[in-house]
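In my numbering, the protein residues as written are 1 to 136.
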């Protein structure tokens, strides 16, 4: 079974405390998968390693020196207007195949989604990520 590490989202407003918990949602989904082995985010091992706001394979090298994974899932959320109510984000995922040293953008994405819509999108379309990992 391929192993995956899910990084914390690239989110320029992460310190606001209002962004969707993409990593937690994905970890919960992948932990139930029989096809892929989740590496629970190793916070202690990644101390002093830049793992926040990573959305390109070139920034994964220090992470991979501490954690062995076949795939790294990166996510990015952009908020259009922080003052909007309800807040809406654009969502995208990038998958890095470590063995092949290749990354690709996932078909799983969304535009102008509320927090609940993001959770629903991931819940309903989670198989897209599984299939993309198996294909690559």
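Glycine included, C-beta positions come from ideal geometry on N, C-alpha and C.
If you draw a straight line from the Cα of residue 35 to the Cα of residue 1, it comes to about 6 Å.
Within the segment 35 to 117, the runs of alpha helix (DSSP H) at least 4 residues long that lie entirely inside it are, in chain order, 61 to 64. In this structure the segment 65 to 79 lies against the segment 7 to 16, because at least three pairs of beta carbons, one per stretch, are closer than 8 Å. By the Cβ test, the segment 29 to 49 is in contact with the segment 122 to 132, since at least three Cβ pairs between them sit closer than 8 Å. Taking C-beta atoms as the reference points, residue 108 and residue 93 count as a pair closer than 7 Å. The three-state reading of DSSP puts residue 8 in coil, since its state is none of H, G, I, E or B. Cβ atoms of residue 89 and residue 42 stay farther apart than 8 Å, at about 26 Å. Between residue 81 and residue 68, the alpha-carbon positions lie close to 37 Å from each other.
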